[in-house]
Amino acid sequence: MSDFTPTSRTKVRQKPQRGVYERAAIYSILDEAFVCQIGFVLDGQPYVMPTNYVRVGDRLFLHGSTASRMFRALAGGAALCLSVTLIDGLVLAPSATGHSINYRSVVVLGKAEVIEDAKEKFEAMHAFVERVIPGRWESVRPPGEQELKGTMVLAVPLAEVSAKVRTGPPVDDEQEYIREVWTGVLPLQLTPQEPVADPRGKAGIPVPGYVRNYSRR
Ligand SMILES: Cc1cc2nc3c(=O)[nH]c(=O)nc-3n(C[C@H](O)[C@H](O)[C@H](O)COP(=O)(O)OP(=O)(O)OC[C@H]3O[C@@H](n4cnc5c(N)ncnc54)[C@H](O)[C@@H]3O)c2cc1C
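This is the structure:
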């Protein structure tokens, strides 16, 4: 599995030591998250829209209504910039400007390809469910022909990709540490809360293990 090669557009210039191009490291960020922001320009106006995605091999799949403006624009060949961010902690420094965020983020540049093949669309829908909540697909009704027809599935090839990662404590100069103030990192994590049963769901069905033990890591 070869790593990504930084291009003139994906080479991290600000704090270049935080730039990451190892494919495995980037895929682990993409697989922990499942929401991205997609930037594209339509009629001269930039838009940045949040949406769900899953990685399958060397592509990110997106799905949406065939009526979606964003999906229609991307299907029409609009250039896109897709970003994914995981927040790992708040960095509390002695100085106001030294405050920061520990994060892992990915930026993908490219264009989307429309997936037309019904079997491939079905497999993408399987991936959406199974990657967001592994173990769920087996228990639910799979999508029918009409549902698949009304759903646009796009694939974004992972070719021009960068990641940037900040870890660790504040990086303020030593002279800032004369002040009597707590400094350090407040780690943050996405953690599931107590499941809330659907009031219309069948009574007496226990919460499945894949819900009870859900984790993104
Ligand atoms: C949660 C979070 C909070 C941040 N807060 C700040 C902030 O307050 N102030 C600030 O200046 N910066 C912040 N950053 C960093 C910010 O994303 C940019 O890296 C930075 O502003 C430099 O922008 P630039 O366009 O000059 O980057 P350049 O270094 O010129 O970018 C060149 C290329 O490097 C890659 N790249 C740059 N940044 C990222 C990234 N974050 N993830 C993946 N690839 C990247 C892209 O391919 C980009 O096209 C934050 C990042 C995250 C994830």
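Taken in order, the sequence shown gives residues 309 to 525; the numbers are from my numbering. For each residue, glycine too, the CB sits at the ideal point set by N, CA and C. Being a predicted model, the structure only gives us computed values, none of them experimental.
Beta-carbon proximity check, residue i vs residue j, cutoff 8 Å
{"i": "Phe379", "j": "Val362", "result": "no"}
{"i": "Gly397", "j": "Leu466", "result": "no"}
{"i": "Val414", "j": "Leu350", "result": "no"}
{"i": "Val416", "j": "Leu368", "result": "yes"}
{"i": "Ser523", "j": "Gly458", "result": "no"}
{"i": "Phe348", "j": "Ala404", "result": "no"}
{"i": "Glu468", "j": "Thr318", "result": "yes"}
{"i": "Gln426", "j": "Ala463", "result": "Contrary to the premise, residue 426 reads as Ala rather than Gln in this sequence. No, they are not a contact pair."}
{"i": "Ser470", "j": "Pro314", "result": "yes"}
{"i": "Val320", "j": "Lys510", "result": "no"}
{"i": "Ala505", "j": "Val461", "result": "no"}
Strand pairing of residue i, partner residues [DSSP]
{"i": "Met357", "result": "Ile346"}
{"i": "His371", "result": "Val461"}
{"i": "Asn410", "result": "Gly397"}
{"i": "Glu421", "result": "Ala463"}
{"i": "Val328", "result": "Ala471"}
{"i": "Val504", "result": "Paired residue(s): none; Val504 is not in a bridge."}
{"i": "Leu388", "result": "Gly418"}
{"i": "Val362", "result": "Phe369"}
Candidates the options, of which the one nearest residue i by Cα
{"i": "His407", "options": "Ile513, Pro503, Pro324 and Asp481", "result": "Asp481"}
{"i": "Val544", "options": "Lys457, Glu453, Val437 and Gln497", "result": "Outside the displayed range of the chain (309 to 525) lies residue 544, so it cannot be described from this structure."}
{"i": "Phe430", "options": "Leu370, Arg321, Ile346 and Ser316", "result": "Leu370"}
{"i": "His434", "options": "Thr359, Ala511, Pro450 and Ile334", "result": "Pro450"}
{"i": "Arg444", "options": "Leu390, Ile409, Gly517 and Ala386", "result": "Gly517"}
{"i": "Asp366", "options": "Val479, Ile346, Ser336 and Pro500", "result": "Ser336"}
{"i": "Leu394", "options": "Gly384, Pro314 and Leu496", "result": "Leu496"}
{"i": "Val479", "options": "Ile513, Lys323 and Leu390", "result": "Lys323"}
{"i": "Pro477", "options": "Gln454, Ile486 and Asn410", "result": "Asn410"}
{"i": "Ile346", "options": "Val364, Gln325, Arg377 and Glu453", "result": "Arg377"}
{"i": "Gln325", "options": "Cys344, Glu455 and Thr475", "result": "Thr475"}
{"i": "Thr491", "options": "Val328, Leu400 and Cys344", "result": "Leu400"}
{"i": "Arg525", "options": "Pro503, Arg508, Thr499 and Val515", "result": "Thr499"}
{"i": "Glu330", "options": "Asp311, Cys344 and Glu340", "result": "Asp311"}
{"i": "Glu340", "options": "Ser316, Met357, Arg439 and Arg487", "result": "Arg439"}
Classification of residue i by the beta-carbon crowding that lies within 10 angstroms, buried from 16 upward
{"i": "Pro402", "result": "buried"}
{"i": "Val489", "result": "exposed"}
{"i": "Leu390", "result": "buried"}
{"i": "Met309", "result": "exposed"}
{"i": "Ile423", "result": "buried"}
{"i": "Arg412", "result": "buried"}
{"i": "Val328", "result": "buried"}
{"i": "Val515", "result": "exposed"}
{"i": "Val448", "result": "exposed"}
{"i": "Ile334", "result": "buried"}
Endpoints, the alpha helix (DSSP H) within which residue i is located
{"i": "Ile486", "result": "First-last for Ile486: undefined, no H or E at that position."}
{"i": "Ala432", "result": "Ala426 to Val440"}
{"i": "Val515", "result": "Looking at the DSSP string, Val515 is not in any alpha helix (DSSP H), and its letter there is neither H nor E."}
Range of the contiguous beta strand (DSSP E) that encloses residue i
{"i": "Ser470", "result": "Glu468 to Arg474"}
{"i": "Leu382", "result": "Where Leu382 is concerned, there is no enclosing beta strand (DSSP E), although the alpha helix (DSSP H) it sits in stretches over Arg377 to Ala383."}
{"i": "Pro495", "result": "Gly492 to Pro495"}
C-beta neighbour in chain B for residue i, strict 8 Å
{"i": "Arg380", "result": "Absent from the structure is chain B; it holds one protein chain and no more."}
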